[in-house]
Amino acid sequence: MAAALQRAGSLCLDPRHEGAAPWRPGLVTWFIVADGQLCGTCGYKGPPSADGSVEIGYSVIPECQRRGIASNAVELLVARAFRDETVTAVRAETLADGTASQGVLRRCGFLAAGSYIDPDEGEILRFERRRS
């Protein structure tokens with residue numbers, strides 16, 4: 001299984017973007033492509049906050065789930081974020097019943113970092129991976 005993140009048809013880790021802040025315009029969201037099939041999207045929800053944290057998000061279509069694709073995407077996002085020396089932590093949120101997504105984050109080294117109640121979605125769990 002070959003999985004890659006692609007942006008508008010070009011590999012997101014294109015050397016022309018090496019060292020660029022991944023949240024700058026045009027580099028915020030990528031397609032997830034595996035074996036030539038569009039499997040989902042992933043990206044940063046914005047630039048790092050004042051405390052140095054950046055939040056990621058990802059979604060994989062049902063036909064592509066349980067193949068390590070989300071974990072691969074999360075690891076690539078984390079690695080790219082930590083290339084920026086100002087980033088101290090990468091954060092993500094999941095629904096309380098999103099056990100598969102929680103498993104992805106745990107496998108990728110994220111730890112539980114609290115929760116809150118969203119009026120529309122219910123309980124939201126926060127996860128965080130600090131720079132090592």
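Going by the UniProt record's numbering, the first residue of the sequence shown is number 1, and it counts up by one from there. Each residue gets a CB set at the ideal place from its N, CA and C atoms; glycine is no exception.
Would you mind giving the Cβ-Cβ distance between residue i and residue j, rounded to the nearest angstrom? I have them listed as a contact below 8 Å.
{"i": "Gly52", "j": "Gly43", "result": "Not confirmed; about 18 Å, so no contact."}
Count the other C-beta atoms from every protein chain shown that fall within 10 angstroms of the C-beta of residue i, then say buried if there are 16 or more, exposed otherwise.
{"i": "Leu105", "result": "buried"}
{"i": "Gly40", "result": "buried"}
{"i": "Gly63", "result": "In the sequence as displayed, the identity of residue 63 is Glu instead of Gly. Burial call: exposed."}
{"i": "Ala112", "result": "exposed"}
{"i": "Ile61", "result": "exposed"}
{"i": "Glu93", "result": "buried"}
How about residue i and residue j: are their beta carbons less than 7 Å apart?
{"i": "Ala96", "j": "Leu125", "result": "yes"}
{"i": "Pro47", "j": "Val87", "result": "no"}
{"i": "Val54", "j": "Ala81", "result": "yes"}
{"i": "Arg91", "j": "Glu128", "result": "yes"}
{"i": "Ile32", "j": "Ala73", "result": "yes"}
Using C-beta distances below 6 Å, list every residue in its chain close to residue i, excluding the 5 sequence neighbours before and after it, in chain order.
{"i": "Arg107", "result": "Ser71"}
{"i": "Gln102", "result": "Thr94"}
{"i": "Gly109", "result": "Arg129"}
{"i": "Ala50", "result": "none"}
Among residues of its own chain, excluding the 5 on either side of residue i, which ones have a beta-carbon nearer than 7 Å to its beta-carbon?
{"i": "Arg130", "result": "Thr88, Ala89"}
{"i": "Ile117", "result": "Glu123"}
{"i": "Glu121", "result": "Leu95"}
Restricting to Cα atoms, I'd like to know which of the options is closest to residue i.
{"i": "Leu38", "options": "Ser59, Glu85, Ala50", "result": "Ser59"}
{"i": "Arg66", "options": "Glu85, Lys45, Thr99, Gly36", "result": "Thr99"}
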